[in-house]
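Each residue of the sequence shown is one higher than the one before, counting from 1 in the UniProt record's numbering.
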Amino acid sequence: MVFIPGGTFNILSDVHYSSERSAEDITVNSFCMDKYEITNAKFAQFVKETGYITVAERPLPKDQFPDLSDDSRKPGSLVFQMADPEAKRVRHLSWWKWTLESLYKKLFYIILSLPIGTN
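Structure follows, in structure tokens:
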């Protein structure tokens with residue numbers, strides 16, 4: 001792990017599509033990051049050897065999320081979707097949808113089943 005010092009940074013750009021946000025300054029806290037990249041192949045090997053189950057593949061613990069219903073704690077993940085340009089947006093949240101059982105393994109096998117050239 002390496003230490004990445006926090007700071008204030010200018011993100012985004014003022015040259016963009018009308019549906020995108022303008023440039024702005026944000027402040028990021030310090031954090032640690034792995035020194036070496038982990039490829040998809042290395043992660044797949046890790047999962048195979050350890051039986052690791054990703055957060056998206058397991059239900060959220062009731063003791064950590066007591067206010068969520070059982071259905072809301074089921075496995076899933078945020079999936080990017082183009083927001084309706086006419087819809088009233090809540091900053092960046094409108095681009096993401098919580099989808100139950102949207103697991104990377106399931107998506108991978110769906111992609112593999114597509115005809116060559118469509119994936």
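Glycine residues also receive a C-beta, built at the ideal position from the N, C-alpha and C atoms. Remember, predicted model here, so these are calculated numbers, not experimental data.
{"Check": "Check whether the Cβ of residue 10 lies closer than 7 Å to any Cβ atom in chain D.", "Outcome": "Among the chains of the structure shown, chain D does not appear; only one protein chain is present."}
{"Check": "Tell me which residues share the same chain as residue 16 and place their Cβ nearer than 6 Å to its Cβ, disregarding the 5 neighbours each side in the sequence.", "Outcome": "none"}
{"Check": "Would you mind reading off the limits of the alpha helix (DSSP H) that contains residue 43?", "Outcome": "40-50"}
{"Check": "Between residue 98 and the rest of its own chain, which residues show a CB-CB distance below 7 Å, the 5 nearest in sequence each way excluded?", "Outcome": "76, 78"}
{"Check": "Helix, strand or coil, according to DSSP, for residue 15 in the structure here?", "Outcome": "coil"}
{"Check": "Let me make sure I understand the geometry here. Which of 50, 64, 101 has the alpha-carbon closest to that of residue 74?", "Outcome": "101"}
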